[in-house]
Amino acid sequence: MILISKAELLQQLEISTRAHLHTIQSSFENMEEATLNTLAPDNGWSIVQCLEHLNSYGRYYIPLIQKAIHKEHGPNTELQVKSSWLGRYFTNMMIPSAQMHKYKALKDHIPALQLQAKLVITESIQQQYTLIEILNTAQHTDINAIKIPISIARFLRLRLTDVLQFIVAHNERHLQQALRLAQFLESSK
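Our numbering runs 1 ahead of the 1-based position in the sequence shown.
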């Protein structure tokens with residue numbers, strides 16, 4: 002178990018989430034539908050599929066987190082939060098690095114081939130705003146006491162600290178994937 006400064010952690014997660022929001026708005030929001038739906042040359046996901054994949058996780062986690070935070074009425078006296086080895090393991094799997102491993106997405110999180118890009122982007126933007134609200138609310142909540150069932154095995158529950166770190170790292174991973182494709186498509190025009 003590792004103790005982390007709650008204020009610093011939530012601040013860093015909010016900074017990252019605001020950067021993700023900016024990336025979606027500035028890089029993808031005004032892109033043409035056909036470009037957003039263009040598959041990667043290696044048969045990887047399109048830009049909009051990357052975003053839809055993230056949306057599918059948001060659809061699972063955001064309501065659970067909101068409900069748990071709303072229900073939590075414990076005093077907010079902690080200055081540090083705990084991170085478990087399992088939470089760190091899942092988060093570290095998602096952190097983008099030079100030697101990134103590919104992981105097969107679970108069936109529930111595999112996006113369709115063709116998507117309505119503008120709807121997907123609108124949902125992505127809204128989810129980032131909601132995540133920022135959650136991070137602000139979490140500052141006044143005992144997040145050590147909140148446990149969230151993970152999407153891949155709902156019988157496993159991680160501390161909200163770990164779930165928030167995972168979500169932000171996962172968002173970063175797939176937004177970088179989408180940006181690489183956008184740069185490739187732009188350079189091949």
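Using N, Cα and C, we set each Cβ at its ideal position, and we do this for glycine too.
Since the structure is predicted, the reported quantities are computational estimates derived from the model, not experimental observations.
Check: Taking its Cβ as the centre, do 16 or more other Cβ atoms sit within 10 Å of Lys108, making it buried, or is it exposed?; Outcome: exposed
Check: Could you name the residues of the same chain whose beta carbon sits closer than 6 Å to that of Val49, not counting the 5 residues immediately before and after it, in chain order?; Outcome: Leu37, Asn38, Leu116, Ala118, Val121
Check: Less than 8 Å separating the beta-carbons of Thr18 and Gln166?; Outcome: no
Check: Lys148: which of Thr142, Leu161, Ser28, Ala139 sits nearest, CA to CA?; Outcome: Leu161
Check: Along the chain, where does the beta strand (DSSP E) that runs through Lys148 open and close?; Outcome: 148 to 151
Check: DSSP three-state label for Lys72, please.; Outcome: helix
Check: So the beta strand (DSSP E) Lys108 belongs to, where does it begin and stop?; Outcome: Taken as a continuous stretch (DSSP letters only), Lys108 belongs to no beta strand (DSSP E), as it is neither H nor E.
Check: Look up Val82 in the DSSP assignment and give the residues it is bridged to.; Outcome: Ile5
Check: How would you write the range of the alpha helix (DSSP H) that Leu157 sits in, first residue to last?; Outcome: From DSSP, Leu157 is part of no alpha helix (DSSP H) but of the beta strand (DSSP E) over 154 to 160.
Check: In three-state DSSP terms, what is Thr142?; Outcome: coil
Check: Residue range of the alpha helix (DSSP H) that Thr39 falls in?; Outcome: That residue, Thr39, is in no alpha helix (DSSP H); it is neither H nor E in DSSP.
Check: Would the stretch 13 to 28 and the stretch 163 to 180 be scored as touching if the rule is three or more Cβ pairs under 8 Å?; Outcome: yes
Check: Please confirm whether Ser125 and Ile25 have their CB atoms less than 8 Å apart.; Outcome: yes
Check: Let me know the secondary structure DSSP gives Lys119 once reduced to three states.; Outcome: helix
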